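What follows is one structure encoded as structure tokens, with my remarks underneath.
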């Protein structure tokens, strides 16, 4: 079996890799949250703008002003759609980083279990050797006393 010290070095590398993956995952989640907050702000801005447009609808306003309002609302709708696409992309990135994080975490746990298993195996082997030595020593003492 592999040397536990060497396995520990591999585990240390896996720990660093896990930490790096965790940082990437946090950054992706943070970006996704920021994009969602921006979408909320865009939706609120659009709502307010539509409200203003409907309030002015009852008053006498030139046709070109209506056209400008609705043109701007269309631009806001485009920005909102683009923001939703960015959120979908960011959420997909979060899923990918989450999967990568879980894979690295599984690798780390497997290495930990392997090290633990190897240490137990070596301990049992050492105990067996020690028991054999004690048995041999006891046998020698018995034979000396008998002789």
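In the working numbering, the protein residues as written are 6 to 152.
Where a beta carbon is used, it is the ideal one built from N, C-alpha and C, also for glycine.
Everything numeric in this text was worked out from a predicted model, so none of it was measured.
Minimum C-alpha distance to residue i - residue among the options
i	options	result
residue 37	114, 98, 123, 122	98
residue 27	104, 148, 139, 117	104
residue 58	19, 77, 122	77
residue 25	48, 142, 140, 107	107
residue 18	126, 130, 143, 109	109
residue 73	135, 129, 13, 54	54
Straight-line Cα distance separating residue j from residue i
i	j	result
residue 111	residue 148	55 Å
residue 11	residue 116	11 Å
residue 80	residue 50	12 Å
residue 87	residue 113	39 Å
residue 131	residue 125	10 Å
residue 160	residue 134	Since the first and last residues shown for the chain are 6 and 152, residue 160 lies out of range.
residue 71	residue 33	40 Å
residue 139	residue 150	16 Å
residue 137	residue 9	24 Å
residue 21	residue 35	21 Å
residue 67	residue 56	18 Å
residue 75	residue 82	10 Å
residue 89	residue 52	17 Å
Whole-number beta carbon distance between residue j and residue i, since they are thought to touch under 8 Å
i	j	result
residue 85	residue 44	7 Å
residue 123	residue 7	7 Å
residue 30	residue 102	4 Å
Check: residue i C-beta below 6 Å from any heavy atom of the ligand MG
i	result
residue 120	No copy of the ligand MG appears in this structure; indeed no ligand is present at all.
Min CB distance residue i to chain B below 7 Å
i	result
residue 20	The structure shown contains no chain B; it is built from a single protein chain.
Check whether the region 84 to 101 and the region 29 to 43 are in contact - that is, three or more C-beta pairs closer than 8 Å. Contact holds: three or more Cβ-Cβ distances are below 8 Å.
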